[in-house]
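S.K.:
Residue numbers (my numbering): 3 to 552.
Here's what the structure looks like:
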């Protein structure tokens, strides 16, 4: 009996090992055949069958398997993580976060040293390295999953915060998932670093599959199409293995955009047609499932995912004509999309921008206003450009009262922020005023326009930034151009005011970048020349030359 039991135990272990090998080789059907030879009450059978069901996209069934595993074996971090992963794939984020929070609390409770957090990637710290405890508690996986959830919910700050809960490690010690997520979450502030991390991941034997598509899509976003084409050619063997048909078609069209924009437009049009047809079918399905609440919710979620894909393609299609300043064509594309998804804020916002560029201010207001009202609790969540465009539209339609009320609300919120955090720089109110100042300048009223611009950049140490300088210098360049053409000649007091302003910019703008360079720009501008002080000095020289001021 003992010998028989020993043989049985060894045979079972061998089957488990063979199944694991086949799973790692991504031969899931072979792994399944081997697992089916194990007793169905074997914990390893339950766990591994759950993994196979997940790989097949059967997330609900996988979740049931993992949950039954917890009931059978008690709390095991890897099982709880897999349950969270299933919920994530089912878009059931609150349930996933609940599992993650439990994993985090248990991990920190059992291994207190892991609760030491990374305050910032830029801070000096003592690395804890990769310890066995990291692996046992699955804290790294769980917190990365939390970051992914918050990223999907468009809570960028919370996603970044999730990664700071990881214990400190040097970059060379980071696992591929953490490295990928760091790159993605910091793309807005550190794009060069992000590109470097994603590109290096592709050179590693193992990397998250989404790395490949994300790197290519980001290259296209920053208009480095030639780099995307090179990376795709170098890793052609991965395309059919990793890409979904949607991603493959999208990238294929994007990579053609610079050489053959007309063909790209046609490809996007075909994609929009297919996706819109899927949306219509889903809408009919939702109506048929009116009495089945659970099935209806699932179909609605699937419909939302298709609509998100549709929006990406439609925006890429519209961008072709936006870059050509063919706003009529952009409006036609948006109008066609309106029939598919009229509730999307991204679409509404872009329609507003197109109407604004066409000087259709009343219509633009009808699209901008609901977006601003939606964020009335915290108006500074709306981008400064949107608020500026709305104010500009109010002024152009003689709705000065509404413009003043909006500006008062912005100023009120900014004062509250300054009171709570005196070091925080907020430019919304300043940018709105600068845009209105530009409006007066475009109408030829330079005296009032320039005066408004200067006034709203005081105090310079608080208000002079890359964004505010961009708007301010447009007014001064416009004034200089018209003086040179002998179309205007401002009075001495205005010239004195301009000269004093530029002198102050030279004083306070020595460390303020004049503009943000592209992350992979080959020809880097000298740091000393890419400052507000440098450009202000150039403008001051031009003022003396053009006005013959002494």
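Even for Gly, the Cβ is constructed at its ideal location relative to N, Cα and C.
Predicted model only: the values in this text are computed from it and were never measured.
Along the chain, where does the alpha helix (DSSP H) containing residue 557 start, and where does it finish?
M.R.: The chain is shown from 3 up to 552; residue 557 falls before or after that span and cannot be answered.
S.K.: When you compare only the Cα positions, how much space is there between residue 16 and residue 27?
M.R.: Here residue 16 refers to the residue found at position 14 when the chain shown is read from its first residue. Here residue 27 refers to the residue found at position 25 when the chain shown is read from its first residue. If I take the Cα positions, the gap works out to 17 Å.
S.K.: Closest by CA to residue 95, which one among 147, 50, 176?
M.R.: To locate residue 95, count along the chain shown from 1; it is residue 93. That would be 147, whose Cα lies nearest to the Cα of residue 95.
S.K.: Counting only runs of 4+ residues fully inside the segment 318-353, write out the alpha helix (DSSP H) ranges in chain order.
M.R.: Qualifying alpha helix (DSSP H) stretches, in chain order: 329-340.
S.K.: Decide yes or no for the touch test of the segment 496-509 against the segment 198-211: beta carbon pairs closer than 8 Å, at least 3 of them.
M.R.: No, the segment 496-509 does not touch the segment 198-211.
S.K.: May I have a chain-ordered list of the alpha helix (DSSP H) segments no shorter than 4 residues that lie completely inside the segment 187-264?
M.R.: Here the runs fully enclosed are 193-204, 212-223, 227-236, 238-244, 247-258.
S.K.: Quick check: the Cα distance between residue 464 and residue 476, rounded to an integer number of angstroms?
M.R.: Within the chain shown, the letter at position 462 stands for residue 464. Within the chain shown, the letter at position 474 stands for residue 476. C-alpha separation (whole angstroms): 20 Å.
S.K.: According to DSSP, is residue 133 part of a helix, a strand, or is it coil?
M.R.: Here residue 133 refers to the residue found at position 131 when the chain shown is read from its first residue. Here residue 133 sits in coil by DSSP.
S.K.: For residue 388 versus residue 448, is the C-beta spacing smaller than 8 Å?
M.R.: Indexing the chain shown from 1 puts residue 388 at position 386. Indexing the chain shown from 1 puts residue 448 at position 446. Their beta carbons are not under 8 Å apart, which means residue 388 does not touch residue 448 by this criterion.
S.K.: Going by Cα to Cα distance, which pick from 345, 542, 327, 323 is closest to residue 335?
M.R.: By one-based count along the chain shown, residue 335 stands at place 333. Residue 335 has its Cα closest to that of 323, out of 345, 542, 327, 323.
S.K.: Between residue 555 and residue 176, which are expected to be in contact by the criterion C-beta below 8 Å, what is the C-beta distance as a whole number of angstroms?
M.R.: This structure cannot speak to residue 555, because the chain is shown only from 3 to 552.
S.K.: Secondary structure at residue 513, three-state DSSP: helix, strand or coil?
M.R.: Start at 1 with the first residue of the chain shown, and residue 513 comes out as number 511. Of the three classes helix, strand and coil, the one that applies to residue 513 here is coil, per DSSP.
S.K.: What residue range is occupied by the uninterrupted alpha helix (DSSP H) comprising residue 432?
M.R.: Position 430 of the chain shown, counted from the start, is the residue given in the question as residue 432. Note, residue 432: alpha helix (DSSP H), 430-444.
S.K.: Under 8 Å by Cβ, that's how I've got residue 266 and residue 255 pegged, so tell me the actual separation to the nearest angstrom.
M.R.: If you number the chain shown from 1, residue 266 lands on position 264. If you number the chain shown from 1, residue 255 lands on position 253. Right, the Cβ-Cβ distance comes to about 5 Å (below 8 Å), so this counts as a contact.
S.K.: With a threshold of 7 Å on Cβ separation, who are the neighbours of residue 316 within its own chain once the five nearest residues in sequence on each side are excluded?
M.R.: Here residue 316 corresponds to residue number 314 of the chain shown, with the count starting at 1. Closer than 7 Å at the Cβ level, and outside the excluded window around residue 316, lie 274, 335, 339.
S.K.: Determine, using beta carbons only, whether residue 149 and residue 83 come nearer to each other than 8 Å.
M.R.: Counting from 1 along the chain shown, the entry for residue 149 is found at position 147. Counting from 1 along the chain shown, the entry for residue 83 is found at position 81. Taking 8 Å as the Cβ cut-off, residue 149 and residue 83 do not qualify as a contacting pair.
S.K.: Counting C-beta neighbours from all protein chains within 10 Å, is the total for residue 518 16 or more, i.e. buried, or is it exposed?
M.R.: The residue given as residue 518 occupies position 516 in the chain shown. It counts as exposed.
S.K.: Measure the alpha-carbon distance for residue 542 versus residue 506 and round it to whole angstroms.
M.R.: Reading the chain shown from its first residue, position 540 is the one you call residue 542. Reading the chain shown from its first residue, position 504 is the one you call residue 506. So the two alpha carbons sit approximately 11 Å from each other.
S.K.: In angstroms with no decimal places, state the Cα-to-Cα distance between residue 399 and residue 248.
M.R.: Taking the first residue of the chain shown as position 1, residue 399 is located at position 397. Taking the first residue of the chain shown as position 1, residue 248 is located at position 246. Those two C-alpha atoms are separated by around 43 Å.
S.K.: Any idea what DSSP makes of residue 301, helix, strand or coil?
M.R.: Taking the first residue of the chain shown as 1, we reach residue 301 at position 299. In the structure shown, residue 301 sits in a helix (DSSP, three-state: H, G or I).
S.K.: Touch check for the segment 455-470 and the segment 407-419: three-plus C-beta pairs under 8 Å?
M.R.: Output reads no: the segment 407-419 does not touch the segment 455-470.
S.K.: Can you name the start and end residues of the alpha helix (DSSP H) that residue 65 belongs to?
M.R.: Here residue 65 is taken as the residue at index 63 of the chain shown, counted from 1. Its alpha helix (DSSP H) spans residues 61-75.
S.K.: Bridge partners for residue 533 per DSSP, in chain order?
M.R.: Counting from 1 along the chain shown, the entry for residue 533 is found at position 531. Residue 533 pairs with 515.
S.K.: If residue 129 sits next to residue 172, beta carbons under 8 Å apart, how far is it from one beta carbon to the other, in whole angstroms?
M.R.: To locate residue 129, count along the chain shown from 1; it is residue 127. To locate residue 172, count along the chain shown from 1; it is residue 170. Going by Cβ atoms, the distance from residue 129 to residue 172 rounds to 5 Å, so yes, they are a contact pair.
S.K.: Where do the ends of the alpha helix (DSSP H) carrying residue 468 lie?
M.R.: By 1-based counting over the chain shown, the position of residue 468 is 466. Taken as a continuous stretch (DSSP letters only), the alpha helix (DSSP H) holding residue 468 covers 468-486.
S.K.: Can you tell me whether residue 425 is helix, strand or coil according to DSSP?
M.R.: As a first step, residue 425 must be located in the chain shown, where it is residue number 423. In this structure, residue 425 counts as coil in the three-state DSSP scheme.
S.K.: Please state whether DSSP places residue 294 in a helix, a strand or coil.
M.R.: Start at 1 with the first residue of the chain shown, and residue 294 comes out as number 292. Note: residue 294 maps to coil in three-state DSSP.
S.K.: Tell me whether residue 155 is buried or exposed, calling it buried when 16 or more other Cβ atoms sit within 10 Å of its Cβ.
M.R.: Locating residue 155 in the chain shown gives position 153, counting from the first residue. Per the 10 Å Cβ criterion, exposed.
S.K.: Check whether the Cβ atoms of residue 308 and residue 277 sit closer than 8 Å, and answer yes or no.
M.R.: Residue 308 sits at position 306 when you count from the first residue of the chain shown. Residue 277 sits at position 275 when you count from the first residue of the chain shown. Their beta carbons are under 8 Å apart, which means residue 308 touches residue 277 by this criterion.
S.K.: Rounded to whole angstroms, what's the CA-CA distance from residue 139 to residue 75? Just pull it up for me.
M.R.: Start at 1 with the first residue of the chain shown, and residue 139 comes out as number 137. Start at 1 with the first residue of the chain shown, and residue 75 comes out as number 73. For residue 139 and residue 75, the distance between alpha carbons rounds to 16 Å.
S.K.: When we look at the beta-carbon of residue 2 and count the other beta-carbons within 10 Å, is it buried (16 or more) or exposed?
M.R.: Outside the displayed range of the chain (3 to 552) lies residue 2, so it cannot be described from this structure.
S.K.: Roughly how many angstroms lie between the CA atoms of residue 301 and residue 430, to the nearest whole one?
M.R.: Along the chain shown, read from residue 1 onward, the residue named residue 301 stands at position 299. Along the chain shown, read from residue 1 onward, the residue named residue 430 stands at position 428. Whole-angstrom Cα-Cα distance: 40 Å.
S.K.: Who are the Cβ neighbours of residue 122 in its own chain at under 8 Å, not counting the five residues just before and after it?
M.R.: On the chain shown, position 120 is the one that residue 122 refers to. Residue placement at residue 122 is flagged as unreliable, the pLDDT there being 48, under the threshold of 50; the coordinate-derived value follows with that caveat. Closer than 8 Å at the Cβ level, and outside the excluded window around residue 122, lie 166.
S.K.: Quick check on this structure: which residue in 240, 294, 93 has the alpha carbon closest to the alpha carbon of residue 1?
M.R.: Residue coverage of the chain in this structure runs from 3 to 552, which leaves residue 1 outside it and unanswerable.
S.K.: Please say whether residue 158 and residue 187 have beta carbons closer to each other than 8 Å?
M.R.: Taking the chain shown and counting its residues from 1, the one referred to as residue 187 is at position 185. Taking the chain shown and counting its residues from 1, the one referred to as residue 158 is at position 156. A contact, by the Cβ cut-off of 8 Å.
S.K.: Buried or exposed, going by whether 16 or more other CB atoms sit within 10 Å of the CB of residue 79?
M.R.: As a first step, residue 79 must be located in the chain shown, where it is residue number 77. Counting Cβ neighbours within 10 Å, residue 79 comes out buried, since at least 16 surround it.
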